[in-house]
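Asks:
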Amino acid sequence: MLAAPGLGGRAGEEIVANRPRFRGKRIKEDLASYARLLVDAGLVLGVCDWGFCVYREEYSACLGNAAGPNPARREPSTCARCQNFVVSEQHRPYWAIQVHRCQELLDEPALPLQTLRIVRARLDEARSLVRAIDCGRKESS
Ligand code: SF4
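Just so it is clear: in the sequence shown, position 88 is 91 by the working numbering, and no numbers are missing.
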């Protein structure tokens with residue numbers, strides 16, 4: 004994740020803005036020592052199908068505690084708006100499928116208005132994460 008070209012999500016933007024440039028022969032060693040530095044500073048990384056969680060209790064949208072994220076509230080949409088959330092290339096298929104599913108749902112003529120609003124919000128959310136991943140990939144190539 005630290006060296007991935009396209010990172011999206013609110014914590015992903017933060018990482019891209021603040022991480023050192025890793026180049027040259029020592030890239031593996033430099034990455035390992037940067038990762039150690041972050042772990043020593045208290046970084047706790049969570050992994051799920053839809054992204055990474057760079058866990059910081061004070062920013063957790065799922066209202067986690069000192070032990071970690073709150074499993075009862077941890078779900079893609081909560082993560083997508085969380086300041087701890089990161090997506091990378093490996094999560095693109097998940098969000099691309101969400102875009103597709105939402106588009107299919109919007110074709111349902113009998114969708115209640117409230118559901119329609121939720122599906123539109125989910126579609127915007129998924130599209131913006133896919134865009135962020137693609138954008139980062141283009142910039143790095
Ligand atoms: S909402 Fe998701 S990204 Fe945010 S702290 Fe909870 S698990 Fe981590």
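For glycine and all other residues, C-beta sits at the position ideal for the given N, C-alpha and C. No experiment lies behind these values; they were computed from the predicted model shown.
If you measure between the beta carbons of V19 and G54, is that distance less than 7 Å?
Replies: Position 16 of the sequence shown holds residue 19. Position 51 of the sequence shown holds residue 54. No. Outside cutoff.
Asks: Quick check: A64 and Q101, are their CB atoms within less than 7 Å of each other?
Replies: As a position in the sequence shown, residue 64 is number 61, starting the count at 1. As a position in the sequence shown, residue 101 is number 98, starting the count at 1. No, the pair does not count as a contact, with Cβ atoms beyond the cut-off.
Asks: Decide if the region 114-132 is in contact with the region 79-90; the criterion is three or more beta carbon pairs, one per stretch, under 8 Å apart.
Replies: Because the criterion of three Cβ pairs below 8 Å is met, the region 114-132 and the region 79-90 touch.
Asks: Use the C-beta contact count for L109: other C-beta atoms within 10 angstroms, 16 or more gives buried, fewer gives exposed.
Replies: Walking along the sequence shown from the start, residue 109 turns up at place 106. Flag for L109 reads exposed.
Asks: Quick check on the contact list: which residues have their beta carbon closer than 6 Å to a heavy atom of the ligand SF4?
Replies: Result (chain order): G49, C56, Y58, S63, A64, C65, G67, P72, R77, T81, C82, C85, N87 and F88.
Asks: Quick check: the region 64-80 against the region 39-56, are at least 3 beta-carbon pairs closer than 8 Å?
Replies: Flag = yes, the region 39-56 and the region 64-80 touch.
Asks: Quick one: grab the DSSP three-state call for N73.
Replies: Reading the sequence shown from its first residue, position 70 is the one you call residue 73. Of the three classes helix, strand and coil, the one that applies to N73 here is coil, per DSSP.
Asks: Report the residue ranges of all beta strand (DSSP E) runs contained in full by the region 21-47; include only those spanning at least 3 residues, in chain order.
Replies: Fully enclosed beta strand (DSSP E) runs of 3 or longer: not present.
Asks: With distances taken between CB atoms, is the gap from G9 to I121 smaller than 7 Å?
Replies: Looking up residue 9 in the sequence shown gives position 6. Looking up residue 121 in the sequence shown gives position 118. The answer is no: Cβ separation not under 7 Å.
Asks: F88 to P23, Cα distance in whole Å?
Replies: By 1-based counting over the sequence shown, the position of residue 88 is 85. By 1-based counting over the sequence shown, the position of residue 23 is 20. So the alpha carbons of these two residues sit roughly 20 Å apart.
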